[in-house]
Amino acid sequence: MIRHLVLFKLDKDVERYHPRVVEGVEAFRSLEGKIAEIRFWELGWNLSDRPIAYDFAINSGFDDAAALRRYVEHPEHQAGVTLWKEFSTWVIADYEY
452 MIRHLVLFKL
462 DKDVERYHPR
472 VVEGVEAFRS
482 LEGKIAEIRF
492 WELGWNLSDR
502 PIAYDFAINS
512 GFDDAAALRR
522 YVEHPEHQAG
532 VTLWKEFSTW
542 VIADYEY
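Every number in the working numbering is 451 more than the matching position in the sequence shown, counting from 1.
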């Protein structure tokens with residue numbers, strides 16, 4: 452199995468309740484059930500007030516690297532990426548477990 456972690460940092464002066472951010476969250480929330488390769492899917496807003504913390508996280512699982520690649524290339528995923536590019540930056544980590 453491959454774990455795919457994504458941590459998002461909202462751009463300066465962007466609030467989590469901004470309509471585009473809400474749209475971005477819903478775009479990713481809706482992927483479970485739309486993309487067959489997803490085996491595990493959770494996402495949510497950070498609760499920590501530490502200055503180094505990111506704002507939003509996605510924790511997901513895939514059978515193998517090929518399944519992860521299909522997910523990354525899937526049009527529904529790419530639509531969400533396009534939205535998030537407007538108001539955030541992010542880091543990822545993919546690892547076997």
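We treat Cβ as the ideally placed atom computed from N, Cα and C, and that holds for glycine. Bear in mind the structure is a predicted one, so any value in this text is a computation, not a measurement.
Is it buried or exposed, A504, if we count other Cβ atoms within 10 angstroms and call 16 or more buried? exposed
What residue range does the alpha helix (DSSP H) around L534 cover? 526-536
Using only alpha-carbon positions, find the residue among K460, D514, W496, S499 that is nearest to D545. D514
Quick check on the DSSP output: the alpha helix (DSSP H) that includes R480 runs from which residue to which? 470-480
With DSSP run on the structure shown, which of helix, strand or coil describes L519? helix
As a quick exercise: from E537, V465, I489, L498, pick the residue whose alpha carbon is nearest that of V523. I489
Roughly how many whole angstroms lie between the Cα atoms of E483 and W492? 7 Å
Leaving aside the five residues before and after N510 along the sequence, list all residues of the same chain whose C-beta is less than 6 Å from its C-beta, in chain order. L456, E493
Within its chain, find whatever has a CB closer than 7 Å to the CB of N497; leave out the 5 residues flanking it on each side and keep chain order. A504, Y505, D506, F507, A508
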